[in-house]
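Engineer:
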Amino acid sequence: MNVFQIPAPLPEQEWTELLLEGSTRIERIISHGQTSGWYDQTEDEWVCVLAGEGELEYADGSRQRLRTGDTAWLPAHLRHRVSYTSEPCIWLCVFRRAE
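Residues 1 to 99, numbered by this note's numbering, are exactly what the sequence shown covers, in order.
1) Quick check: the region 83-91 against the region 52-59, are at least 3 beta-carbon pairs closer than 8 Å?
2) Can you check which of these residues, PRO11, ILE26, LEU20 and ALA98, is closest to GLN34 by C-alpha distance?
3) Is there contact here, the region 36-50 with the region 14-22, by at least three beta-carbon pairs under 8 Å?
4) ARG25 and PHE95 - do their beta-carbons sit closer together than 8 Å?
5) Let me know if GLU87 comes out buried or exposed under the rule of 16 or more other beta-carbons within 10 Å of its beta-carbon.
6) Out of VAL3, VAL49, ILE90 and ILE6, state which residue places its alpha-carbon closest to the alpha-carbon of ARG67.
7) So SER31 and CYS89 are supposed to be a Cβ contact under 8 Å. How far apart are they, rounded?
8) Can you tell which of ARG65, ASN2 and TRP46 has its C-alpha closest to the C-alpha of LEU78?
9) If you draw a straight line from the C-alpha of GLN5 to the C-alpha of GLU14, how long is it?
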């Protein structure tokens, strides 16, 4: 699989699981302008924008704009949501069960 191969725009984000090994999961997410509801995950998450732009909004109202190559660390139970994505935006997300 090529992580930069982008399908035609879909009405929803596209999640592709690239690896599931032990407590670690790696996903590629492709957004085409979609946003999300609020997340309160039980896993830690590291994200990297491989292409495009995205914005994370946190429960305290702060926002973090991520451009190609930018990363963010989201510890378990950090309430956040995706408040903006470019068309397209390719995310690489690494999840691990919190210790």
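Beta carbons: idealized from backbone N, C-alpha and C, even for Gly.
Structural biologist: Taking the definition as stated:
1) yes
2) In the sequence shown, counting from the first residue as 1, residue 34 sits at position 34. Measuring from the Cα of GLN34, the nearest candidate turns out to be PRO11.
3) no
4) Walking along the sequence shown from the start, residue 95 turns up at place 95. Walking along the sequence shown from the start, residue 25 turns up at place 25. Yes, they are a contact pair.
5) Position 87 of the sequence shown holds residue 87. Exposed, since its Cβ has fewer than 16 Cβ neighbours within 10 Å.
6) Here residue 67 refers to the residue found at position 67 of the sequence shown. Ranking the options by Cα distance to ARG67, first place goes to VAL49.
7) Here residue 31 corresponds to residue number 31 of the sequence shown, with the count starting at 1. Here residue 89 corresponds to residue number 89 of the sequence shown, with the count starting at 1. Yes, they are in contact, since the Cβ atoms of SER31 and CYS89 sit about 4 Å apart, within 8 Å.
8) Along the sequence shown, one-based indexing puts residue 78 at 78. Here the closest residue by C-alpha is TRP46.
9) Start at 1 with the first residue of the sequence shown, and residue 5 comes out as number 5. Start at 1 with the first residue of the sequence shown, and residue 14 comes out as number 14. Using only the alpha carbons, I get a separation of about 12 Å.
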